[in-house]
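> Residue numbers (full-length UniProt numbering), protein chains in the order written: chain A, 1 to 256; chain B, 1 to 256; chain C, 1 to 256; chain D, 1 to 256; chain E, 1 to 256; chain F, 1 to 256; chain G, 1 to 256; chain H, 1 to 256.
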């Protein structure tokens with residue numbers, strides 16, 4: 001993309017159809033839209049494969065509303081994470097087709113249609129019931145980006161037979177997201193049983209010396225199973241984004 | 001249990017009374033009950049000696065209610081820890097015989113009858129008055145599982161004669177749970193005076209550099225007395241569970 | 001694999017060609033080889049896609065030697081990481097075809113032949129010269145498993161034009177491993193420029209408040225770019241293992 | 001100042017116009033005003049270049065009110081940071097000309113007039129929208145002290161082209177304040193592109209393992225770009241104070 | 001013991017066979033032997049069930065030698081942990097019957113004879129080969145105190161079938177010691193499969209963010225399996241001491 | 001005290017005026033009063049020089065009320081720290097002469113009369129206005145125990161002349177308590193200027209990387225001035241208790 | 001610079017003197033020199049004001065030697081920090097004019113001539129004798145870049161009069177670097193006495209709870225004096241680099 | 001002292017016997033001696049009660065030698081801590097009367113004669129044998145300053161009767177230094193039994209989660225016994241310095 005743009009622009013300079021100063025301006029002016037408090041990055045879909053996502057925490061309802069409106073105008077999928085119901089009501093005023101997922105705390109606008117011909121899917125596995133909020137953030141994210149998701153909840157290692165009963169569904173997934181708090185052992189156990197990449201999400205579930213997810217985070221980073229990589233504590237979105245990149249690549253590259 | 005089950009199942013396969021695919025299914029389908037958000041582990045009593053326990057924090061009242069109902073149906077003892085009064089009211093609607101212990105923040109259904117012929121008991125020793133909430137979680141847990149408990153509260157090392165006055169009762173216990181915040185020194189002192197296992201519970205009582213129980217936790221892990229093992233900060237339940245395992249073993253093995 | 005094995009075994013039981021006790025034994029005896037101090041997991045390639053790897057740190061030369069010998073006998077690729085030259089000399093005595101990569105501190109036996117028809121490759125990008133040891137561990141691992149590797153070293157953000165000059169090669173890779181110490185900013189910058197999964201490896205390069213890689217680790221976990229997942233400090237092997245899983249999946253699934 | 005004062009005082013002693021005990025008293029009595037709970041440091045402007053600033057957190061409204069009144073009486077610029085609206089209403093009662101900046105949470109009285117002949121200015125650059133509160137504290141501080149400020153917000157490295165589009169304005173500034181949470185990579189990237197001092201402010205924006213700004217703090221301290229120094233988490237005021245010292249020096253020394 | 005002693009002593013006072021001052025002296029002089037740099041605690045076996053143990057780290061060879069000699073004189077079992085070969089040579093000079101276990105780094109003198117009529121034993125389970133040093137410290141300790149030990153090494157969760165193959169031996173043990181570094185997940189997995197107390201020992205095996213065993217320690221303290229208690233990092237001795245207390249109690253109480 | 005008691009008791013045994021079993025009881029029964037949830041330590045004044053103090057945090061109003069009542073009955077000084085106004089109202093119901101110090105959050109009953117003949121006093125020095133709450137806890141504690149206190153507030157090192165103006169009063173104190181948050185530098189500066197013991201109290205005043213007082217705590221522990229010892233964060237009471245011990249000793253020993 | 005280059009290049013494209021593909025190549029190929037293991041950034045002097053510096057730790061002698069040779073060829077000042085004597089001997093072989101400063105552990109080639117007409121200088125102030133190594137790294141760096149340096153060593157707050165005796169020299173400096181270990185209080189004290197920017201360098205000098213410089217680092221970040229910014233632990237180079245940027249700006253801007 | 005000096009100096013100015021400029025010089029020139037790398041603080045004894053002490057770690061033998069020589073010339077007591085045998089040999093060359101205490105790692109020159117008429121003494125109590133090095137640093141320090149010391153070693157809480165047997169000697173001391181590693185519980189136990197100030201020294205003795213003394217440090221800071229203050233890890237010198245200040249005050253004030 002970048003090289004093509006350069007070539008086109010330079011051709012215009014050569015042809016004299018583009019003035020030197022204008023060319024310099026173009027080379028500097030890149031495709032974002034300035035709201036003052038935010039610079040909307042319309043370029044992101046081309047560059048990163050997925051459009052910009054609104055992280056609502058630390059933004060006012062008004063800011064979220066304005067960013068959502070600008071992004072929705074493009075027709076692309078819009079995803080807002082960590083959104084409160086109040087955020088949702090604000091967005092709804094300006095984008096009536098916005099949908100809210102309260103357990104996931106996500107707002108979705110124009111979700112990608114699932115690729116029905118694709119056989120790819122990702123499995124989201126949680127250790128306990130309390131991890132489901134993070135899991136739903138991951139699931140809604142992945143689905144908004146057009147992926148199929150298999151939810152496998154409450155199969156932690158304290159009752160490991162619950163995990164083994166679901167092993168087939170897990171093993172056939174293209175990517176596996178494992179979400180666990182407390183000691184986070186589930187990531188290592190799953191990682192030892194599959195031949196697909198495992199993305200581990202530590203959660204802040206636990207008490208005392210879990211130190212708000214630090215125990216699970218360290219546990220997952222030190223996994224004795226080799227195929228495990230880790231994202232931030234409670235970052236269901238990030239795990240799903242990573243998984244979506246892998247599945248998109250599977251779909252794109254295999255069509256070649 | 002596991003081997004017997006395997007033998008029975010394989011005999012049926014041999015006899016032709018069990019179809020191959022059914023057998024495969026059985027080998028995979030283990031005894032848990034799927035509520036969607038939770039997979040109730042009915043198998044736990046056989047495997048771990050005690051039935052599944054509901055940890056209420058991070059669960060909605062509705063989830064706690066549903067899990068309690070399913071577990072209560074089995075007739076086993078049901079224990080719910082970290083339960084608020086609101087949790088209790090929810091459970092009471094579906095299990096009228098549920099009892100609430102507010103200081104311990106526990107709900108108990110069908111407590112095990114104490115083994116009256118047993119002379120075994122566990123001592124629960126606290127350093128201060130502020131540790132009593134954690135101590136009661138331990139005491140209610142142990143009693144729900146059918147054990148006798150001796151409560152010895154507020155005998156911290158700042159007035160060590162209070163401890164010595166209770167030493168006989170402590171020394172005769174089968175297991176001793178020591179619960180302390182601040183510097184947690186009581187665990188080492190008790191550990192140096194007895195010939196029974198000491199399970200230490202650091203509490204988040206303290207301020208400033210206690211860092212919510214970290215000081216007591218490190219103190220107990222580094223005890224210069226050898227017979228001390230440690231559970232998580234404020235984890236009265238875990239200590240009582242461990243102690244109950246030891247006493248159950250004493251009762252079971254001695255009947256042989 | 002698991003299901004097929006079960007089916008075969010149960011068929012033998014049904015046929016009477018396998019005795020009940022033998023069958024029980026088989027169901028328990030899984031494919032590992034017991035050296036006493038180690039249980040070689042011959043099953044791993046089937047289960048995880050890649051054979052067992054020897055992590056030499058904390059093992060005696062003698063132990064490494066014996067494990068390498070047993071693994072090499074299978075004809076599979078053998079990889080030993082964190083291997084000293086002394087470890088290598090020990091292995092060489094029993095496996096003459098072993099090759100040593102001193103910068104990577106790896107021993108390789110029977111490397112997988114590169115898949116010449118594959119157009120897939122992974123890019124390994126380092127911030128500085130001091131990160132090259134970790135990068136070579138990643139590169140040798142990936143190559144031992146049959147992957148093509150593009151090395152792009154010393155392109156940290158202090159001179160960000162060095163990165164941009166290599167952007168094409170990075171963007172066309174299937175997976176990108178970013179290796180950086182100090183503040184680890186390179187992972188976020190690369191993550192913001194590509195549409196492929198980025199696996200970030202913090203290194204212990206740095207001094208003072210880098211706290212042996214903690215600064216880079218936290219930095220990468222908190223990346224504002226969404227497509228970044230993280231492995232342990234200095235864990236070049238782990239990053240390459242993850243990347244290899246993704247590329248293997250690309251190769252396998254696309255042949256379908 | 002100090003030496004001149006000493007000389008004047010000693011001359012008076014020599015002349016006999018100043019009594020020994022009075023002289024001793026003067027040598028001890030330095031210019032502060034004692035409110036009991038606070039000792040107002042009227043001397044600070046001479047000593048530090050800028051007058052004393054009121055840090056409102058941990059002070060009662062009444063205390064803030066009284067200190068503001070005493071400082072305002074001198075005619076100097078008065079700045080109160082971390083001020084709530086309640087603090088402002090209290091100050092307004094006794095200093096009617098006080099102005100409140102809610103986003104910056106600052107109260108300003110008698111701001112310094114901007115030096116219109118000066119071409120110096122400082123750039124304040126933020127990674128995201130959520131960093132703007134800290135950035136405004138810096139901007140209002142710098143402006144209250146008579147400096148020109150260029151605000152450049154939401155140009156984080158996830159969309160690095162937004163930064164490059166503003167590079168000219170950043171490069172021409174005399175001092176650059178970079179404000180970022182999460183992984184704080186922006187400080188290193190800016191530091192690598194400019195030849196002016198960069199003062200980095202980590203913010204507590206982020207979640208999970210950002211540990212309330214620790215990740216960004218460590219990242220900035222370990223910057224691979226050499227010209228970066230760091231102030232406390234969320235300390236927009238401190239960064240602006242430092243930048244103002246540098247610009248004041250530029251203005252003062254160049255007039256010589 | 002204490003009460004009997006008091007009674008005997010007071011009787012002598014009553015009888016006049018013991019002088020008041022002597023009695024006071026006796027009440028103060030408790031059974032330890034003062035070497036100046038150490039006070040040998042001959043009383044410990046009565047009080048704690050096992051005699052004093054020599055922790056060699058931080059002691060000179062000469063100190064270890066002298067303490068060992070004094071303790072050996074009593075005929076009780078003597079155990080010295082963290083002993084170097086140099087420590088051993090020193091002890092051997094004064095106690096020719098001392099035996100050294102290099103892998104465990106322990107010196108043993110007069111080991112307790114195993115109780116051949118006892119069916120009790122403890123299982124020592126390690127995740128990896130590198131944990132064996134700690135495991136042997138535990139095994140030698142337990143055996144020195146007269147217990148039977150079942151060693152089950154290298155069965156970590158990366159190849160969980162290795163664990164299941166040994167499950168029977170583990171489940172029948174009276175106490176289970178689980179020793180693991182890295183993420184320490186093995187403790188939770190074993191804890192979920194057995195109905196006996198599990199004593200977990202985190203080891204300093206691992207690299208990067210294992211932070212010398214901190215990751216495994218936090219993991220074990222936060223185990224989602226209830227019957228797990230924890231001792232200090234690498235503290236094989238402490239785990240075995242705890243386990244021995246439980247087994248001793250099983251043997252003693254069952255004879256009543 | 002202890003030896004005299006023993007001698008008296010043993011004499012009674014010898015005389016036959018005390019029965020053996022009674023004597024044993026006395027030797028065990030030490031002077032505390034059991035309220036069930038608390039064991040009031042009446043013995044503390046003899047043993048520690050000051051009576052027991054009620055730490056209200058973590059106690060119910062009812063518990064505080066009952067302990068205060070029992071302690072007040074003895075006529076000794078009663079001090080309750082970290083007391084809310086609600087705690088005070090509860091205590092007032094049962095001890096009408098109780099007095100409340102809201103800034104210090106202390107309740108005092110029967111304060112010791114100041115020793116008017118004593119020339120000893122302690123200086124309490126704070127860095128800022130926000131440290132005054134902790135300082136008043138220290139001051140009220142010291143005064144309740146009968147000491148004279150010199151309050152010197154808001155003399156932090158940012159305006160060090162304010163400190164030098166008060167140096168005489170500080171240097172003549174018998175003990176100096178230095179209370180500071182943020183970087184806590186005041187303790188080192190004072191410690192370098194006086195020849196009396198300095199007890200440093202870090203406070204949780206500060207933001208960002210002060211980590212609730214950790215920065216000041218570490219600073220004070222590492223003071224380059226030799227005569228500084230440290231108590232817990234925000235522990236004004238503890239500092240005053242220590243200082244009172246020293247002054248009491250000065251008063252007691254000098255009368256000999 | 002960047003804009004001029006673009007303009008020239010685009011003019012050539014317009015003129016037809018530069019081919020499109022060549023132009024694209026130039027736009028991408030930025031001025032660095034690729035040694036394979038390192039990419040020498042010749043562009044840095046233009047971009048950052050000072051040429052690239054060699055950080056020797058983590059580089060082999062051979063790598064340092066090659067980088068030094070390439071950089072020296074340009075005639076610019078070359079600075080290598082954290083250089084061992086062995087590094088120096090390596091560099092000397094290829095750059096005979098290289099000079100070594102053992103206390104600073106720096107190699108300097110072609111130092112900038114001091115600007116004799118400049119009245120600007122920076123003061124380097126240390127708390128103790130043990131901080132001198134870090135201070136000399138700062139001093140040699142600043143001098144290599146052509147600045148005048150005033151060294152003021154061993155004036156820590158334990159004997160604060162030593163500081164006051166040097167106050168004039170400190171106050172007249174343009175920038176002040178304060179270097180201290182232990183509790184780092186000197187930075188706050190100096191910051192409170194001057195009206196120039198203070199750059200604080202925590203050192204790893206200290207023991208116990210200094211945690212290798214963490215105590216001083218936190219102390220300096222939390223300075224109650226406003227004009228203090230901080231660089232990494234022991235990072236004398238970074239502080240001098242920052243200070244040199246400020247002085248360079250003073251010199252450059254004042255000539256306008 | 002300060003005021004007298006000022007008065008004398010001003011009198012000379014008044015009399016005309018002192019020139020204005022000389023007077024200014026004197027007011028600035030304070031009594032230290034500049035060795036370049038160190039500024040010897042001869043003023044310290046007047047200001048702090050004890051002369052300057054040489055902390056050898058981080059100084060070259062040559063620096064220690066020169067400082068020792070200058071300090072010894074004054075005839076005051078000279079103390080050098082953390083001195084290696086090499087340091088000692090260096091000092092001995094220039095100060096033949098220097099004495100070395102290898103266990104304490106201290107060099108002493110001109111020790112103060114013990115005050116034979118004084119009945120004051122300090123008790124130094126250690127938990128274990130491994131704490132003796134730190135204890136001897138404290139003891140040698142206190143004795144060098146003219147104090148009597150009672151050593152009570154190896155009385156940790158694992159065998160608490162060893163402590164009680166020494167209680168009389170401890171209770172009669174004027175100040176008690178408690179030195180302990182591991183969990184540091186001894187400080188709290190002693191603090192609960194005495195009415196004298198307790199200065200606690202955490203040591204780095206312990207392993208695993210003692211984190212080089214952090215566990216003991218936190219434990220002591222959080223002591224439930226009120227009369228305990230704390231110095232840095234392994235800082236025997238600091239504790240003795242504090243204790244000496246208290247005893248000096250007892251001796252000085254009681255003579256008035």
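For glycine and all other residues, C-beta sits at the position ideal for the given N, C-alpha and C. None of these values were measured; they are calculated from a predicted model.
Which class does residue 41 (chain G) belong to by DSSP, given the choice of helix, strand or coil?
Numbered from its first residue, the seventh chain carries residue 41 (chain G) at position 41. Strand.
> Threshold first: 4 residues or longer. Then list the alpha helix (DSSP H) segments lying entirely within the segment 66–98 of chain E, N to C.
85–94
> Helix, strand or coil for residue 121 (chain H), going by three-state DSSP, please let me know.
Taking the eighth chain and counting its residues from 1, one reaches residue 121 (chain H) at position 121. Residue 121 (chain H): strand per DSSP, three-state reduction.
> Using beta carbons (cut-off 7 angstroms, strictly below), is residue 215 (chain G) in contact with chain F?
What you label residue 215 (chain G) is simply residue 215 of the seventh chain in a count that begins at 1. With 7 angstroms as the cut-off, residue 215 (chain G) counts as an interface residue toward chain F.
> Using a Cβ-Cβ cutoff of less than 7 angstroms, which residues in the same chain neighbour residue 198 (chain D) once the five nearest sequence positions on both sides are dropped?
Along the fourth chain, read from residue 1 onward, the residue named residue 198 (chain D) stands at position 198. The residues are 176, 178, 187, 190, 191, 227 and 228.
> Can you name the residues of chain A whose CB is closer than 9 angstroms to the CB of residue 257 (chain B)?
Residue coverage of chain B in this structure runs from 1 to 256, which leaves residue 257 (chain B) outside it and unanswerable.
> Quick one: is residue 174 (chain H) buried, meaning 16 or more other Cβ sit within 10 Å of its Cβ, or exposed?
Here residue 174 (chain H) refers to the residue found at position 174 when the eighth chain is read from its first residue. By the 10 Å Cβ count, residue 174 (chain H) comes out buried.
> Using C-beta distances below 8 angstroms, list every residue in its chain close to residue 181 (chain G), excluding the 5 sequence neighbours before and after it, in chain order.
The count along the seventh chain starts at 1 and reaches residue 181 (chain G) at position 181. The residues are 127, 128, 130, 131, 202, 203, 204, 205, 206, 210, 213 and 216.
> Thinking just about the alpha-carbon of each residue, which of B:250, B:74, B:56 and B:69 is nearest to the one in residue 44 (chain B)?
Within the second chain, the letter at position 44 stands for residue 44 (chain B). That would be B:74, whose Cα lies nearest to the Cα of residue 44 (chain B).
> In whole angstroms, give me the CA-to-CA distance for residue 10 (chain G) and residue 161 (chain C).
Translated into the one-based positions of the seventh chain, residue 10 (chain G) becomes position 10. Translated into the one-based positions of the third chain, residue 161 (chain C) becomes position 161. Taking the Cα positions, residue 10 (chain G) is about 19 angstroms away from residue 161 (chain C).
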